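S.K.: In the working numbering, the protein residues as written are 66 to 351.
By construction, the Cβ of each residue, glycine as well, lies at the ideal position given by its N, Cα and C atoms.
Note that the coordinates shown come from a computational prediction; the quantities given were computed from them, not determined experimentally.
This is the structure I have questions about; it appears just below.
Dropping the structure here:
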């Protein structure tokens, strides 16, 4: 079943073993960095590359809850110490925004935001390791991670990509240029909960790029039998283009690339079975 641990952003698949669990139960999960407390979640997840599921050790006890409260207080102290070390070493443009501590206190992860991607936080890490008898990790927490950690649904009605799919963080930059290349007018509707362009713009970009390599250019002239028209728009989902054969908007027709491939060299339909090839020439008597 899925378990969502604060700071992980994405729910992880875990073995319930013989425990009788329900959505919303708080459990202790054994991970490579120690035991962490999470909550059983029911989340739609895209198929991920296989990773060994974690083991759910037990349902959280009263003692676990008290330990978690103490660790939460410890985390606040660690964060304040990190801020002090950053000031002492004149490290600017860094904000320490959160801290997660394993149940036994042996692992501490400090989350930060930075204006400088090349910032050196080595002095902060070494200072924290001297102050606390624990393994210290510093993790940059961008807006996309914060949105994923908070969870929720986007305007499409589906859970946030960043909260259900780890690949959303590894697709490369997402910017307004991608929206323009897909024929979408930049506006506030293309912005996600994190304030950046929605992940789906990047996710769909390669498909749009591949479609445009096969389709005719906008404003180019195409032939269909004895008619000629101008390409005015695309319908990537239908592997088609809108062609205007007259002066009026009502003269537009939605034509598949397969129907245009016969008379227009260079146009390649996605499904070769729809490719209407020209008839072979009739044999001539020699």
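Between the Cα of residue 193 and the Cα atoms of 95, 144, 124 and 212, which residue gives the shortest distance?
M.R.: On the chain shown, position 128 is the one that residue 193 refers to. It is 144 whose Cα lies nearest to the Cα of residue 193.
S.K.: Tell me the DSSP secondary structure of residue 168 in three-state form.
M.R.: The count along the chain shown starts at 1 and reaches residue 168 at position 103. Coil at residue 168, not helix or strand.
S.K.: Excluding five sequence neighbours on each side, which residues of the same chain lie with their C-beta closer than 6 angstroms to the C-beta of residue 107?
M.R.: As a working note, residue 107 is residue 42 in the chain shown. Excluding residues within five positions, the ones whose Cβ falls inside 6 angstroms are 88.
S.K.: Alpha carbon to alpha carbon, how far is residue 345 from residue 318?
M.R.: Within the chain shown, residue 345 is the residue found at index 280, counting from 1. Within the chain shown, residue 318 is the residue found at index 253, counting from 1. Residue confidence is low: residue 345 scores 48 on pLDDT, short of 50, so the model does not pin down where it sits. Its coordinate-derived value is still stated next. Whole-angstrom Cα-Cα distance: 28 angstroms.
S.K.: Let's see if you can read the secondary structure: which residues bound the beta strand (DSSP E) around residue 294?
M.R.: Within the chain shown, the letter at position 229 stands for residue 294. 292-300 is the span of the beta strand (DSSP E), which, as asked, contains residue 294.
S.K.: So, with DSSP's three-state summary, where would you put residue 323?
M.R.: Taking the first residue of the chain shown as 1, we reach residue 323 at position 258. Helix, per DSSP.
S.K.: Report buried or exposed for residue 247, applying the criterion of at least 16 other Cβ atoms within 10 angstroms of its Cβ.
M.R.: What you label residue 247 is simply residue 182 of the chain shown in a count that begins at 1. Per the 10 Å Cβ criterion, buried.
S.K.: List the residues that DSSP assigns as beta-bridge partners of residue 100.
M.R.: Here the question's residue 100 lines up with position 35 in the chain shown. Bridge partners of residue 100: 95.
S.K.: Considering just the uninterrupted stretch of the alpha helix (DSSP H) at residue 79, what are its terminal residues?
M.R.: Within the chain shown, numbered from 1, the residue matching residue 79 stands at position 14. Where residue 79 is concerned, there is no enclosing alpha helix (DSSP H), although the beta strand (DSSP E) it sits in stretches over 77-80.
S.K.: What is the rounded straight-line gap between the Cα of residue 97 and the Cα of residue 321?
M.R.: For the purposes of this step, residue 97 is identified with residue 32 of the chain shown, where counting begins at 1. For the purposes of this step, residue 321 is identified with residue 256 of the chain shown, where counting begins at 1. Each residue's alpha carbon lies about 52 angstroms from the other.
S.K.: Mind checking which residues open and close the beta strand (DSSP E) that includes residue 198?
M.R.: On the chain shown, position 133 is the one that residue 198 refers to. Note, residue 198: premise wrong, no beta strand (DSSP E); not H, not E.
S.K.: Among 216, 92, 76 and 204, which has the Cα closest to the Cα of residue 123?
M.R.: Residue numbering aside, residue 123 sits at position 58 when the chain shown is read from its first letter. Closest by alpha carbon: 92.
S.K.: For residue 176, which residues in the same chain have their Cβ closer than 6 angstroms to its Cβ, ignoring the five residues on either side in sequence?
M.R.: Numbered from its first residue, the chain shown carries residue 176 at position 111. Excluding positions up to five away in sequence, the list reads 162, 163, 204 and 206.
S.K.: Note down, in chain order, each residue of its chain lying with its Cβ closer than 8 angstroms to the Cβ of residue 302, except the 5 sequence neighbours on either side.
M.R.: Within the chain shown, residue 302 is the residue found at index 237, counting from 1. Hits under 8 angstroms: none found.
S.K.: For my contact list, residue 261 and residue 208 are in at a C-beta cut-off of 8 angstroms; report their separation, rounded to the angstrom.
M.R.: In the chain shown, residue 261 corresponds to position 196, counting from 1. In the chain shown, residue 208 corresponds to position 143, counting from 1. Contact flag correct, Cβ pair sits at about 6 angstroms.
S.K.: How big is the Cα-Cα spacing for residue 55 and residue 298?
M.R.: The chain is shown only over 66 to 351; residue 55 falls outside these bounds and no answer can be derived.
S.K.: Applying the 10 Å Cβ sphere with the 16-neighbour rule, what's the burial state of residue 138?
M.R.: Within the chain shown, numbered from 1, the residue matching residue 138 stands at position 73. Looking at its Cβ environment, which holds fewer than 16 other Cβ atoms inside 10 Å, residue 138 is exposed.
S.K.: Under 8 angstroms: do the region 213-230 and the region 72-80 share three or more Cβ pairs, one atom per stretch?
M.R.: Contact between the region 213-230 and the region 72-80 is present, because at least three Cβ pairs lie under 8 angstroms.
S.K.: Going by CA-CA distance only, name the one from 313, 292, 315 and 312 that's closest to residue 325.
M.R.: Against the chain shown, residue 325 aligns to sequence position 260. Among 313, 292, 315 and 312, the Cα nearest to that of residue 325 belongs to 292.
S.K.: Tell me which same chain residues have a C-beta within less than 8 angstroms of the C-beta of residue 342, skipping the five on either side of it?
M.R.: For the purposes of this step, residue 342 is taken as the residue at position 277 of the chain shown. The predicted position of residue 342 is uncertain, since its pLDDT is 47 and thus under 50; a value taken from the coordinates is nonetheless stated next. Cβ neighbours of residue 342 beyond the five flanking positions: 326 and 327.
S.K.: Which residues in the same chain as residue 70 place their Cβ atom closer than 6 angstroms to its Cβ, once the five residues preceding and following it in sequence are excluded?
M.R.: Within the chain shown, residue 70 is the residue found at index 5, counting from 1. The answer, listed in chain order, is 101 and 103.
S.K.: I'd like to confirm the pairing. Which residues does DSSP put opposite residue 277 in its beta bridges?
M.R.: Locating residue 277 in the chain shown gives position 212, counting from the first residue. Residue 277 pairs with nothing; no bridge assigned.
S.K.: Given residue 241, which residues of its chain have a CB within under 7 angstroms of its CB, disregarding the five upstream and five downstream residues?
M.R.: For the purposes of this step, residue 241 is identified with residue 176 of the chain shown, where counting begins at 1. Cβ within range, chain order: 251 and 262.
S.K.: According to DSSP, simplified to helix, strand and coil, what is residue 145?
M.R.: Numbered from its first residue, the chain shown carries residue 145 at position 80. Looking at residue 145 - three-state DSSP - the assignment turns out to be helix.
S.K.: Could you compute how far the alpha carbon of residue 173 sits from the alpha carbon of residue 132?
M.R.: Position 108 of the chain shown, counted from the start, is the residue given in the question as residue 173. Position 67 of the chain shown, counted from the start, is the residue given in the question as residue 132. Their backbone Cα atoms lie some 14 angstroms apart in a straight line.
S.K.: Given residue 239, which residues of its chain have a CB within under 7 angstroms of its CB, disregarding the five upstream and five downstream residues?
M.R.: Position 174 of the chain shown, counting from 1, holds the residue named residue 239. For residue 239, where only same-chain residues beyond five positions count, the Cβ hits under 7 angstroms are 261, 262, 264, 266 and 267.
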